[in-house]
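Chemist: In this note's numbering, the protein residues as written are 1285 to 1424.
Where is the CB? At the ideal position from N, CA and C, for every residue including glycine.
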């Protein structure tokens, strides 16, 4: 009930109302990953990136096989300046779905930052030139 009401409120752009309903739903059953994911989206819309990242992290903890969720978590971690965590989540998203070209492009960009490139797996660093070439072909 609370989850469905929250979905409706999100569609109406009532993000604070949706967040309240989702928190109630989580209080009733905290084991539903979709509820945490939706709460993260509502919190992100409210500008609460740190709280949103916690909700996305909980969703991924409960259901870690979703590359799209890991990508969403990574994007939120960038907003809160946790670049190391973001790189780890981008890499996890890529492992789950090798067709995520957006993730490849983000990792290539991050690999050019000295502070980040050391945290990337050697395979990603080795692939950077070919990924860059692929990304260039796709964007043309």
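1) Looking at C-beta atoms only, is the number of pairs between the segment 1326 to 1333 and the segment 1342 to 1351 that lie closer than 8 Å three or more?
2) Can you name the start and end residues of the alpha helix (DSSP H) that residue 1352 belongs to?
3) Buried or exposed: residue 1323, going by 16 or more other Cβ atoms within 10 Å of its Cβ?
4) Taking just the CA atoms, how far does residue 1375 sit from residue 1297?
5) If you draw a straight line from the alpha carbon of residue 1244 to that of residue 1381, how long is it in whole angstroms?
6) In its own chain, which residues sit with a C-beta less than 8 Å from the C-beta of residue 1340, not counting the 5 before and 5 after it?
7) Pick helix, strand or coil for residue 1418, following the three-state DSSP scheme.
8) Near residue 1310, which residues of its chain fall below 8 Å by C-beta distance, leaving aside the five closest residues on each side in sequence?
9) By the 10 Å Cβ neighbour count, where 16 or more other Cβ atoms means buried, how is residue 1343 classified, buried or exposed?
10) Excluding the 5 residues flanking residue 1301 on each side, which residues of the same chain have their C-beta closer than 7 Å to its C-beta?
11) Taking the runs of the alpha helix (DSSP H) that are 4 residues or longer, which of them lie wholly in the segment 1308 to 1336?
12) Among 1291, 1372, 1379 and 1333, whose alpha-carbon lies nearest the alpha-carbon of residue 1364?
Modeler: Taking the geometry as given:
1) no
2) Mapped onto the chain shown, residue 1352 falls at position 68. Counting along the chain, the unbroken alpha helix (DSSP H) around residue 1352 starts and ends at 1351 to 1363.
3) On the chain shown, residue 1323 is found 39 positions in, with the first residue counted as 1. With 16 or more other Cβ atoms within 10 Å, it is buried.
4) Here residue 1297 refers to the residue found at position 13 of the chain shown. Here residue 1375 refers to the residue found at position 91 of the chain shown. In this structure, the alpha-carbon of residue 1297 lies about 32 Å from that of residue 1375.
5) Any question about residue 1244 goes unanswered here, given that the chain covers just 1285 to 1424.
6) Working through the chain shown from its first residue, we reach residue 1340 at position 56. Excluding sequence neighbours, residue 1340 sits near 1320, 1321, 1324, 1353, 1356, 1357 and 1360.
7) As a position in the chain shown, residue 1418 is number 134, starting the count at 1. Residue placement at residue 1418 is flagged as unreliable, the pLDDT there being 43, under the threshold of 50; a coordinate-derived value is accordingly withheld.
8) Translated into the one-based positions of the chain shown, residue 1310 becomes position 26. Cβ neighbours of residue 1310 beyond the five flanking positions: 1316, 1319, 1320 and 1323.
9) Walking along the chain shown from the start, residue 1343 turns up at place 59. Residue 1343 is buried by the Cβ-count criterion.
10) As a first step, residue 1301 must be located in the chain shown, where it is residue number 17. Cβ within range, chain order: 1293.
11) 1317 to 1329
12) In the chain shown, the residue the question calls residue 1364 occupies position 80. With distances taken between Cα atoms, residue 1364 lies closest to 1333.
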